[in-house]
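To start, the structure under review is shown below, and the notes come after it.
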Amino acid sequence: MTFPSPHAGPPAASRLPVVILGAGPAGLTVGNILRAGGVDCLVLETESREFIERRPRAGVVEEWAVRGLEERGLAGNLTARAQRHAECEFRFDGRGHRFPYGELTGRHHWFYPQPALVTDLVREYADVRGGAIAFGVRDVRLHDLDSGRPSVSYTDPDSGERRLVRCDFVAGCDGARGASRGALPARARISRYDYGIGWLALLAEAPPSSDCVLFGMHPDGFAGHMARSPGVTRYYLQCPPGDDPDDWPDERVWAALQQRLRAADRPPLTEGRLLEKRVLDMHNYVVEPMVFGRLFLAGDAAHLVAPIAAKGMNLALNDAFLLGDGLVAYLTRGEATGLDGYSEACLRRVWDYQEFSQWLSEICHGASHGDPYRAGTTLARLRRLFTSPAAAAAFAEQYLGTAAGY
Ligand code: RFL
């Protein structure tokens, strides 16, 4: 793919080099990279700033992603405040089995709530680097993506007027239900995988009950525990897809969590008020390629990975680094290599993480499938992590995303 030379001179008011859809981790990281590179852009976001700064989601950030943020001046608060984790624990056979992946690799995870990262990124973009951003926009539409002069239109929330912004590139970072996915042409290949299970995603106003991630493999179903902050902990409970969160009063939730994460050699969980209860129908998808004319997809707009292995935000950041750097190289120096290779470079890590999530899903859910054969092979996989150094090293590498190349 090649692009005509970027046009010279300052952009007119209704014309910008890049319009970014979505102020999530992907869009804000792209925006920050563009601003640091001296490229003008506009971020369009359907929600309010207050809303995106509070929306609870991810918390596990991989070390290479933190390094990428650091290199771009975006990790100051994260490295000062986030916890580091170098172990996880599998609970099965009524016991806790500690897995020291840090010891095996010399690497660790960072735990930093997604709303904290989004708050940092939006502050840096809008308040420090002077980036333009419009919150609360409505009815976002993409136009002429296959031409050299695409545009984006939207309704301004204050005036109710339609606005049109012409640009050179559209960065589609507006998540799983944004306008970018709605604008995909028929040639887009969308691969989807349904796990056939649900997860009740919970946020508890309670301190973490362990200093590491807990994976509970139980015949009743999977249960998970992940620290978010000293006072808030994320829990997951496997449930039927489409289950109603109202059928899960707090007492039922805590009884199931205590049961599925029980280990004779560990204290019971510390309980607290449940701040969030939502059922996720677990599925993954990948859009290929990730570029359609002048539309470059990044993050959940391009690929979704169920939160089993805590990979989604990390993939969004990887895309954003590659897209931000590629756009700056092209728009300031006319170098098209980064943009030309963007889709392929992203998709290698995307597919690797998709496969790992499937593999980990089998470990998490095999014991409760009701099929003794699957329960037997699941237990064999789990035990192998503690009996085979080669299997342990492979797991640690995939869990941390530290392979030498993707
Ligand atoms: P986001 O964060 O969804 O941001 C997209 C933004 O676009 C806005 N938007 C629009 N803007 C303009 N025009 C439109 N038409 C628009 N439509 C929507 C939205 O309001 C939003 O602000 O996508 P992005 O940037 O690609 O980031 C992806 C991550 O948010 C996602 O992958 C992670 O949250 C996934 N995930 C996890 N990932 C990890 O790496 N580690 C974790 O520990 C982890 N835990 C999780 C998770 C996702 C979860 N849920 C909610 C599915 C835990 C959970 C429960």
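Numbering (the numbering used here), first residue to last: 8 to 413.
The beta-carbon is built from N, C-alpha and C at its ideal position, and this holds for glycine as well.
Bear in mind that the values here come from a model prediction, so they are computed numbers and not experimental data.
According to the Cβ coordinates, are Phe-328 and Ala-178 closer than 8 Å?
-> Counting from one through the sequence shown, the residue named residue 328 turns up at place 321. Counting from one through the sequence shown, the residue named residue 178 turns up at place 171. Phe-328 is not a Cβ neighbour of Ala-178, given a cutoff of 8 Å.
Coarse secondary structure for Gln-405, derived from DSSP in three states = On the sequence shown, residue 405 is found 398 positions in, with the first residue counted as 1. Reduced to three states, the DSSP call for Gln-405 is helix.
Residues in its own chain within less than 7 Å of Ser-21 by CB, not counting five upstream and five downstream?
-> Along the sequence shown, one-based indexing puts residue 21 at 14. So the list reads Leu-171, Val-172 and Arg-173, once near-sequence residues are dropped.
Using DSSP bridges, identify the partner residues of Arg-196.
-> Within the sequence shown, numbered from 1, the residue matching residue 196 stands at position 189. When beta bridges are read from the DSSP output, Arg-196 appears opposite Glu-295.
Kindly examine the ligand RFL and report whether one of its heavy atoms sits closer than 7 Å to the Cβ of Gly-155.
-> Reading the sequence shown from its first residue, position 148 is the one you call residue 155. For Gly-155, the CB stays at least 7 Å from every heavy atom of the ligand RFL.
With Pro-302 as the anchor, note down where its beta strand (DSSP E) starts and where it stops.
-> Here residue 302 refers to the residue found at position 295 of the sequence shown. Here residue 302 is Leu; the residue named in the question, Pro, does not match the sequence. Counting along the chain, the unbroken beta strand (DSSP E) around Leu-302 starts and ends at 302-304.
Contact test: Ala-65 Cβ vs the ligand RFL heavy atom, cutoff 7 Å = The residue given as residue 65 occupies position 58 in the sequence shown. Checking the Cβ of Ala-65 against the ligand RFL gives yes.
Helix, strand or coil at Arg-42 according to DSSP, with G and I counted as helix = As a working note, residue 42 is residue 35 in the sequence shown. Helix.
Got a sec? Which residues, its chain only, sit under 7 Å from Arg-102 by beta carbon, not counting five neighbours each side?
-> Numbered from 1 along the sequence shown, position 95 holds the residue referred to as residue 102. Result list for Arg-102: Ala-270, Ala-271 and Asp-272, in chain order.
Quick one, are the C-beta atoms of Trp-71 and Thr-384 less than 8 Å apart?
-> By 1-based counting over the sequence shown, the position of residue 71 is 64. By 1-based counting over the sequence shown, the position of residue 384 is 377. Between Trp-71 and Thr-384, the C-beta gap is not smaller than 8 Å, which leaves the two residues out of contact.
Leaving out the 5 sequence neighbours to the left and right, which residues in its chain are closer than 7 Å to Arg-196 when beta-carbon positions are compared?
-> As a working note, residue 196 is residue 189 in the sequence shown. Only Glu-295 meet the Cβ criterion.
Ile-59: beta carbon under 7 Å from a heavy atom of the ligand RFL?
-> What you label residue 59 is simply residue 52 of the sequence shown in a count that begins at 1. In this structure, Ile-59 has its CB closer than 7 Å to one or more heavy atoms of the ligand RFL.
Distance, Gly-38 Cα to Asn-325 Cα | Within the sequence shown, numbered from 1, the residue matching residue 325 stands at position 318. Within the sequence shown, numbered from 1, the residue matching residue 38 stands at position 31. Rounded to the nearest angstrom, the two C-alpha atoms are 14 Å apart.
Under a Cβ-count criterion, where at least 16 other Cβ atoms within 10 Å of its own Cβ denotes burial, should Ala-397 be classed as buried or exposed?
-> Counting from 1 along the sequence shown, the entry for residue 397 is found at position 390. If you draw a 10 Å sphere on the C-beta of Ala-397, you find fewer than 16 other C-beta atoms in it, and that means exposed.
Helix, strand or coil for Trp-261 per DSSP?
-> If you number the sequence shown from 1, residue 261 lands on position 254. Note: Trp-261 maps to helix in three-state DSSP.
Exposed or buried, what is Thr-240 when buried is set at 16 or more other beta-carbons lying within 10 Å of its beta-carbon?
-> Position 233 of the sequence shown holds residue 240. Here Thr-240 is buried: its Cβ has 16 or more other Cβ atoms, across all protein chains shown, within 10 Å.
Just how far apart, CA to CA, sit Pro-314 and Ala-211?
-> Counting from 1 along the sequence shown, the entry for residue 314 is found at position 307. Counting from 1 along the sequence shown, the entry for residue 211 is found at position 204. Whole-angstrom Cα-Cα distance: 17 Å.
Bounding residues of the beta strand (DSSP E) (the contiguous stretch that carries Thr-240) | For the purposes of this step, residue 240 is taken as residue 233 along the sequence shown, with counting starting at 1. Here the beta strand (DSSP E) through Thr-240 covers 239-246.
Could you pull out every residue in the same chain whose Cβ sits closer than 6 Å to the Cβ of Asp-201, ignoring the five residues on either side in sequence?
-> Counted from its first residue, the sequence shown places residue 201 at position 194. Cβ neighbours of Asp-201 beyond the five flanking positions: His-290.
Nearest-angstrom Cα separation, counted from Arg-62 out to Gly-109 = Here residue 109 refers to the residue found at position 102 when the sequence shown is read from its first residue. Here residue 62 refers to the residue found at position 55 when the sequence shown is read from its first residue. Between the C-alpha atoms of Gly-109 and Arg-62 there is a straight-line separation of about 30 Å.
Contact test: Thr-53 Cβ vs the ligand RFL heavy atom, cutoff 7 Å | In the sequence shown, residue 53 corresponds to position 46, counting from 1. Yes - the ligand RFL has a heavy atom lying nearer than 7 Å to the Cβ of Thr-53.
Proximal residues to Val-335 (C-beta, below 7 Å), its chain only, five neighbours per side dropped = In the sequence shown, residue 335 corresponds to position 328, counting from 1. Taken in chain order, the residues that qualify are Ile-40, Leu-41, Gly-44 and Val-46.
Does the count of Cβ pairs from the stretch 112-130 and the stretch 87-95 closer than 8 Å reach three?
-> Taking one beta carbon from each stretch, the stretch 112-130 and the stretch 87-95 have 3 or more pairs nearer than 8 Å; the two touch.
Buried or exposed: which applies to Ala-387, given that a residue is buried once 16 or more other Cβ atoms fall within 10 Å of its Cβ?
-> By 1-based counting over the sequence shown, the position of residue 387 is 380. Of the other Cβ atoms in all chains shown, fewer than 16 fall within 10 Å of the Cβ of Ala-387; this residue is therefore exposed.
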